[in-house]
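Taking it in order: structure first as structure tokens, then the write-up.
Residue numbers (my numbering): 399 to 1136.
Below is the structure:
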């Protein structure tokens, strides 16, 4: 990629205000050299990407919150600039000449950007801390080219889907591999505190991640935690507060009950007259109590103090003397601005022989949707010490405890608050109301009774969401996930002789996840079975051991950097599920509160992969670079006859601007030609291609069966046909760049 030292980007933005909610922004990005349009620059507001320029003319248009005070413009290879929002804004971006010598974390080591032959993007702590999100991968959005971040639920603490350079597989997993401080990370990304992260590096191509073999087929995200670089004890404390509110306005909906009755009348009238009925015949049916009556099609809900016959006139207009008896607002019952609060404390110190970093954090993130929130408590300790002039050791441990509450609605077709409030008519109340007085009906304990749309006493039969009420679910039901995650690793570096060293490392990752769900016995779908209690317990335990020889030495203009070693990774997953019905009381989500066993299920899965690997980096005169890597992996997912796979890569880079014929071209900062070729493998096979959840198949070479109960006898049914010949999904990759 060519970068001009004096190249400037000019951004003209014209701004117009829109009714106090959003600011309409249009602009154009061009270069100073020739005024050519720039494609790919990212516009950020409050640290969040609001758009990327894709127009070939370099123009864009977007809406940002009217309260926004600053706009940030970022472009790869350029210094990010922040300017105040005003009617006309001009942003000048200059080339970042310091990034070429920057040391970046790569597979099993470090490199510099100028010598790295693969493809990688780096996001530093300064950018990470700007993101107000419970997942650190959100910092990659708009900052790492080729990385797509998708959050499908909006639930605080939910792990987003990450795709690097699109879909990397058809039949296997598409998720990238996460490496934290050199260790495989199997826990949830939401368990990592962004305040403890020093940098994130995204490895994108085969030349960059083929050393990870089987696990790096979909790209690799390397996360490095902070180490203290100060020569004295440093204590840092920060506190952040914010509000989570709805960013996108609702559609233009019918919110007035009277208008809703009129529209319902018109629709029914048109239906009857189109079927051949006269005006008087249609009026008679609409005002009656039969199948085609307004009372029937609206489920008997009359919010006004007049009868159904007097509610609307002969032309379907609301009686001017009709007065509302009650009106509940679903938006008020289901949504409210949520508080986001975050506190972080860190202590660190370092000298020429040792360093340590200790971090503590708390995050409380309440959603805009009531009943949806995420609480996380984190701790981080990292210690490194030079024990002798030839021996160095270090260790770190990360711990996170999180509590995640989910909003749920009863009724299988009514899955979220937004769908419910958007689809339900304004005449249908949150609470059960007396049709004569309009008063909220009270329960035996004096509490307000929620309207579930099917009350026989008052003749209610709501046509939408029968037996459902998300506001009632908020009070009587709950779904809660608690999770504990521990990641720990230790290493020893030994200098052997004249550039030759050895490193031994060991890491452990364990995660415990408990999902509890209670569906109340009083109202809704579960009332017929006197309520349900569901519980799921999941446990992940994995460890990795590795030994590597490293050699780094200069021979004049030639630098040789070589690595060889072996690595072994093992993981065990345990799953336990059960539910019971017939609850004794409606507040305890424990099995001792229920009488009848509904279902029990459990299983254990084991996986291991062992690899031997080698890599050689050669550089000559700081302008010619050549990298070769090889890894041989054996996976427990495959039959012993087809267990091993070979993966390799070759990459080269030429810094053209370092040649003598360009020595006088001072306007060129960096001009490189890069090429790479490699092969990646994927063993993370899935059970179903159509499932929305990726269920891993740990033994695809074996026939698999389901054991069930038929008349209290064992019944075995085959669920998967094993294939002894199944083996690695391999993907060749070749690319070159200027």
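Cβ atoms here follow ideal geometry from the backbone N, Cα and C, with glycine treated the same way.
Bear in mind that the values here come from a model prediction, so they are computed numbers and not experimental data.
Compare the Cα-Cα distances from residue i to each of the options and report the closest residue.
i	options	result
residue 573	605, 618 and 608	618
residue 979	744, 1115, 463 and 932	932
residue 927	615, 555 and 982	982
residue 663	974, 1017 and 696	696
residue 594	836, 522 and 1062	522
residue 1103	1093, 1118, 1110 and 1111	1118
residue 1149	961, 1004, 919 and 647	Past the boundaries of the shown model lies residue 1149; the chain is included only from 399 to 1136, so the question cannot be answered.
residue 712	672, 660 and 698	660
residue 834	887, 1060, 701 and 550	701
residue 551	817, 872 and 1024	817
residue 518	603, 469 and 1006	603
residue 922	880, 964 and 849	849
residue 882	750, 815, 802 and 843	802
residue 597	534, 547, 637 and 649	534
residue 1116	1122, 1105 and 748	1105
residue 872	840, 771, 967 and 839	771
residue 1037	830, 1123, 814 and 1108	1123
residue 539	989, 466 and 599	599
Taking its Cβ as the centre, do 16 or more other Cβ atoms sit within 10 Å of residue i, making it buried, or is it exposed?
i	result
residue 674	exposed
residue 1065	exposed
residue 635	exposed
residue 1070	buried
residue 728	buried
residue 398	Past the boundaries of the shown model lies residue 398; the chain is included only from 399 to 1136, so the question cannot be answered.
residue 1125	buried
residue 666	buried
residue 785	exposed
residue 889	buried
residue 501	exposed
residue 541	buried
residue 578	buried
residue 1027	buried
residue 580	buried
Identify, in the order they occur along the chain, each residue of the same chain with its Cβ nearer than 6 Å to the Cβ of residue i, setting aside the five sequence neighbours on each side.
i	result
residue 703	721 and 723
residue 1021	1053 and 1056
residue 811	Only weak support exists for where residue 811 lies, its pLDDT of 48 falling under 50; the value from the coordinates is given anyway. Cβ within range, chain order: n/a, list empty.
residue 975	934 and 999
residue 938	584, 909 and 971
residue 680	667, 670 and 671
From residue i to residue j, what does the alpha carbon distance come to, in whole angstroms?
i	j	result
residue 905	residue 885	7 Å
residue 611	residue 776	31 Å
residue 1039	residue 1008	15 Å
residue 688	residue 909	59 Å
residue 1095	residue 1034	11 Å
residue 556	residue 606	29 Å
residue 690	residue 683	6 Å
residue 898	residue 1017	18 Å
residue 563	residue 545	6 Å
residue 854	residue 995	31 Å
residue 406	residue 583	Any reading at residue 406 must be qualified, since the residue scores a pLDDT of 35, below 50, and its modelled position is unreliable; the value itself is stated next. The alpha-carbon atoms of residue 406 and residue 583 are separated by roughly 41 Å.
residue 972	residue 936	6 Å
residue 991	residue 916	11 Å
residue 442	residue 822	36 Å
residue 1138	residue 614	Since the first residue of the chain shown is 399 and the last is 1136, residue 1138 is not available in this structure.
residue 601	residue 769	38 Å
residue 879	residue 531	19 Å
residue 1101	residue 1006	20 Å
residue 553	residue 591	17 Å
residue 962	residue 1011	6 Å
residue 799	residue 773	8 Å
Please go through the same chain and pick out, in chain order, the residues whose beta-carbon is closer than 8 Å to the beta-carbon of residue i, but skip the five residues on each side of it.
i	result
residue 900	891, 892, 894, 945, 946, 947 and 948
residue 496	Because residue 496 carries a pLDDT of 48, less than 50, the predicted location of this residue cannot be relied on, and the following value inherits that uncertainty. Result list for residue 496: empty, nothing under 8 Å.
residue 743	633, 634, 635, 757, 758 and 759
residue 626	632, 746, 747, 748, 753, 754 and 755
Should residue i be listed as close to the ligand MN, given that the test is whether its C-beta is under 6 Å from any heavy atom?
i	result
residue 748	What this structure holds is no ligand at all, so the ligand MN is not there to describe.
Report all residues from its chain with a CB closer than 7 Å to the CB of residue i; omit the five preceding and five following residues, and keep chain order.
i	result
residue 735	641, 642, 643 and 766
residue 693	687 and 706
residue 1044	1030
residue 864	851 and 852
residue 417	Per-residue confidence for residue 417 stands at a pLDDT of 36, beneath the threshold of 50, marking its modelled position as unreliable; the derived number appears in the next sentence. So the list is empty, once near-sequence residues are dropped.
residue 984	874, 918, 919, 920 and 929
Using a Cβ-Cβ cut-off of 7 Å, state whether residue i counts as contacting chain C.
i	result
residue 621	Reference to chain C is not applicable here, since this structure consists of a single protein chain.
Counting Cβ pairs, one atom from each stretch, are 3 or more of them under 8 Å apart for the stretch 756–764 and the stretch 853–872? no
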